[in-house]
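Asks: Mapping of the sequence shown onto this note's numbering: residues 171 to 624, in sequence order. Handing you a structure now.
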Amino acid sequence: MGSIWWIRRDLRLRDNLTLQKALETPPVLPVFILDPLLLKNAPERRLNFLFQNLHSLNKDLQSRGSNLVVRTGKPAEILESLLKETSADQILAEEDFTPYARMRSVLAGSFLPLKLVQGQLGTHPLESLKSSGKPYRVFGPFKKNWLAHIQSFESIPAPALVPTLQDIDSDGIPMGGADDLFPAGEEAAYKRLEIFLRKKVEFYHLTRDRMDLDGSSNLSPYFRFGVIGLRSAIFRSLEILKDENGRKNLLGIDAWLNDLIWREYHIHIMYHFPESRTQNFRSVYDGLLWINDQSDFQAWKVGRTGYPVVDAAMRQLNTIGWIPRQSRNIAASFLVKGLLIDWRWGEKWFRDRLLDGDLAVNVGNWQRAAGTGPDAAPFDRILNPTRQSKKYDPTGNYIRKWVPELAELDKDVIHGPWQKRAKAAGYPKPIIDHKFATERAVAAYQAAKDLIKL
């Protein structure tokens, strides 16, 4: 008798449909498997965040009479062994949607009593389809379909007790370093959500792209690991709207929901089109001739392009493993369209460093920036980094923080020092002229489209 709760990307007790289902057949054994295939490719910062959150989850479980069992090895083999050790009847796991996660579930489910529970997304990719039964490719109709489901979301409290099996050997949880910017644990995540909804969301539609302001929810790493549930976060935001003064938050919450829906849209796209992980979604650009200059790529990676806002974004990424959404957009556009470097190079660099690095979301964002995605902007829409900098870092404080060589420059100069012939010791000149880069990119993209006509 009993259930094994196979924890993967649901490191939480609240809003956990899988745990709720497992508790229907107690006792419940919470298990996290350190998969060597995933560990070897994960950046140290992300692993540290994972380990810290596992420690926090274990404390929450211990306060409810349970304990987290951690094993290292191939998941299917570990689960088979645990079934024999515990005589449990079933294994329950929250469904995960990456290509590897799906393969892992198929393998385990082929000979083990594995049941998958959908709790990670607002809608399952197989349930959010057009009337024809085909997946949505365009964001607008996908969003309309998605919004029709959110009124059914509910708040599921954490259980008071988690009756568990005792005396099951555990490998222990690696320590991992603490992250002051993103403290671990479910309580920290929900506290951050509450601060965002109470103090920041009212103006989110105005501040979310401002790089010099702290306008973000800063929740993306917690969503990435399921430390906070998407459904409960949305449920709470709708509760805020119902408050006496909640309507003032309407525009901000609408903008935030839009961002969350884009995230889910990318996950659905990769579920239905797994080849998009490495292939252009829009094959019309398969003939695009990337330049892929190694020295340009190196300058971009380390933040030495001579474009202050690009360099600030890359230095922040390399330092803390997180950057605001508009910083991501500007840095990506500069790489793929400014330097004509393959989006796959940038995607991997970001994914290997982002604390919230998620394969589907990262690939989706990069294909969108490159114009190769299913609902991307026209290929000739190319972000001007200097104009973007003036618009979204008008004070210049974002640049000053991450590019200290320019800290003494006035806000009228800091966005393009070379334009004012300003001297900044140790700071490079632009590695490419934006006008030339734009003309070159438009020509390259057009040439790729013309190839299809031949």
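The beta-carbon is built from N, C-alpha and C at its ideal position, and this holds for glycine as well.
#1: Thr-242 bridges to which residues according to DSSP?
#2: Could you tell me if Asn-462 is buried or exposed, where buried requires 16 or more neighbouring beta carbons within 10 angstroms of its beta carbon?
#3: Could you check what DSSP says for Trp-492 in three-state terms: helix, strand or coil?
#4: Would you grab the beta carbon distance between Leu-282 and Leu-262 for me? Rounded to a whole angstrom, and I think it's under 8 Å.
#5: So the alpha helix (DSSP H) Gln-260 belongs to, where does it begin and stop?
#6: Across the stretch 495-511 and the stretch 467-479, are there enough close Cβ pairs to call them in contact, namely three or more that are closer than 8 Å?
#7: Let me check one thing: in DSSP terms, what residues is Val-371 bridge-paired to?
#8: Give every residue of the same chain whose Cβ lies closer than 6 Å to the Cβ of Ser-226, excluding the five residues on either side of it in the sequence, and list them in chain order.
#9: Would you kindly check if the distance between the Cβ of Leu-199 and the Cβ of Leu-376 is under 8 Å?
#10: Alpha carbon to alpha carbon, how far is Leu-207 from Ile-602?
#11: Kindly give me the distance between the Cβ atoms of Leu-430 and Leu-400, rounded to whole angstroms, as I take these residues to be in contact under 8 Å.
#12: Could you give the residue range of the beta strand (DSSP E) that holds Trp-175?
#13: Using the DSSP secondary-structure output, state which residues sit across from Leu-284 in a beta bridge.
#14: Hey, how far is the Cα of His-438 from the Cα of His-319?
#15: What does Pro-305 pair with, by DSSP beta-bridge criteria?
#16: Output the boundary residues of the alpha helix (DSSP H) element that contains Met-273.
#17: Locate the alpha helix (DSSP H) running through Ser-340, then write down its first and last residues.
#18: Which residues bound the alpha helix (DSSP H) around Asp-424?
#19: Please classify Ile-248 as buried or exposed, where buried requires at least 16 neighbouring CB atoms within 10 angstroms.
#20: If you reduce the DSSP assignment to three classes, tell me which class Leu-529 lands in.
#21: Below 8 Å between beta carbons: does that hold for Trp-572 and Leu-509?
#22: With DSSP as the reference, label Leu-576 as helix, strand or coil.
#23: Would you identify the three-state DSSP class for Val-583, choosing helix, strand or coil?
#24: For a test of the three-state rule: what should DSSP assign to Val-198, helix, strand or coil?
Replies: Let me spell this out:
#1: Leu-204
#2: exposed
#3: coil
#4: The Cβ separation is near 11 Å, so there is no contact.
#5: That residue, Gln-260, is in no alpha helix (DSSP H); its beta strand (DSSP E) goes 260-264.
#6: yes
#7: DSSP output for Val-371 lists no bridge partner at all.
#8: Ala-354 and Gly-355
#9: no
#10: 39 Å
#11: 7 Å
#12: 173-177
#13: Ile-261
#14: 15 Å
#15: Leu-299
#16: 269-279
#17: From DSSP, Ser-340 is part of no alpha helix (DSSP H); its letter is neither H nor E.
#18: 420-442
#19: buried
#20: helix
#21: no
#22: helix
#23: coil
#24: strand
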